[in-house]
Amino acid sequence: ENLFTGTLPTELGQLTQLLDLYVKGSNFNGTLPTELGQLSTLESLNFQENSFSGSIPTELARLTQLFELSLNMNHLNGTLPTELGRMRSLWSLSLERNSFSGNLPTELGEMSYLATLELSENLFTGTLPTELGQLTQLLDLYVKGSNFNGTLPTELGQLSTLESLNFQEN
Numbered sequence: 037e038n039l040f041t042g043t044l045p046t047e048l049g050q051l052t053q054l055l056d057l058y059v060k061g062s063n064f065n066g067t068l069p070t071e072l073g074q075l076s077t078l079e080s081l082n083f084q085e086n087s088f089s090g091s092i093p094t095e096l097a098r099l100t101q102l103f104e105l106s107l108n109m110n111h112l113n114g115t116l117p118t119e120l121g122r123m124r125s126l127w128s129l130s131l132e133r134n135s136f137s138g139n140l141p142t143e144l145g146e147m148s149y150l151a152t153l154e155l156s157e158n159l160f161t162g163t164l165p166t167e168l169g170q171l172t173q174l175l176d177l178y179v180k181g182s183n184f185n186g187t188l189p190t191e192l193g194q195l196s197t198l199e200s201l202n203f204q205e206n
């Protein structure tokens, strides 16, 4: 939370021992560098409250040690990469208040440790995938104001750990 501006340097991808990368609440812009996918030891990536644009690079799926990915409150868009499903150690995926569109990838259901899934206030379409019912560790699911339609998957009823579910304004 400072006054940094400009784009993130691609050289950050050379910090191969980095565990946490936080640039929350600044004024960074531009696209997310694909070189971030080289940070194989990274556990937490928090870029919320910036002005990043473009899509999520598929290279981020290489971050197999990542447990937190927070990209809330940016100007990101496009569809979510199906490769995100490979991020099996992820326990928190926060993408609220961007402009993501299209259907949610069914591969999100493969994130077996996911406890928090925040997708509210985006431009998603279609129905929630039934595969979300495979997220047996899920505590929080927020999809408010994201243009989903259709019926809720009955598989969500199998999520005995679920504590918060917000799907209003769809």
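Take 37 as the starting number for the sequence shown in our numbering and just add one per residue.
Glycine included, every Cβ here is placed at the ideal spot set by N, Cα and C.
Keep in mind that this is a model prediction, so the values were computed, not measured.
1. Please report how far the alpha carbon of GLU191 lies from the alpha carbon of LEU164, in whole angstroms.
2. Taking ASN110 as the reference, give the member of GLU119, ILE92, GLY121, LEU126 with the closest Cα.
3. I'd like the list of long-range same chain contacts for GLU119, defined as Cβ closer than 6 Å, with 5 residues on each side in sequence excluded.
4. Strictly by DSSP, which residues pair up with SER125?
5. Could you tell me which of THR77, LEU39, GLY61 sits nearest to LEU48, measuring between CA atoms?
6. Might you give, ordered along the chain, the residues of its own chain that have their beta carbon closer than 8 Å to the beta carbon of GLU79, omitting 5 neighbours on each side?
7. At the level of alpha carbons, what is the spacing between ASN25 and TYR178?
To lay it out plainly:
1. Residue 191 sits at position 155 when you count from the first residue of the sequence shown. Residue 164 sits at position 128 when you count from the first residue of the sequence shown. Cα to Cα, GLU191 sits roughly 10 Å from LEU164.
2. In the sequence shown, residue 110 corresponds to position 74, counting from 1. The shortest Cα separation from ASN110 among GLU119, ILE92, GLY121, LEU126 belongs to ILE92.
3. Stepping through the sequence shown from its first residue, residue 119 is reached at position 83. These residues qualify, in order along the chain: THR94, ALA97.
4. Start at 1 with the first residue of the sequence shown, and residue 125 comes out as number 89. DSSP lists no partner for SER125.
5. For the purposes of this step, residue 48 is taken as the residue at position 12 of the sequence shown. Here the closest residue by C-alpha is THR77.
6. Here residue 79 corresponds to residue number 43 of the sequence shown, with the count starting at 1. Once the five neighbours on either side are set aside, the close Cβ partners of GLU79 are LEU55, ASP56, GLN101, LEU102, PHE103, GLU104.
7. One cannot answer for residue 25 here, as it falls past the ends of the chain, which runs 37 to 206.
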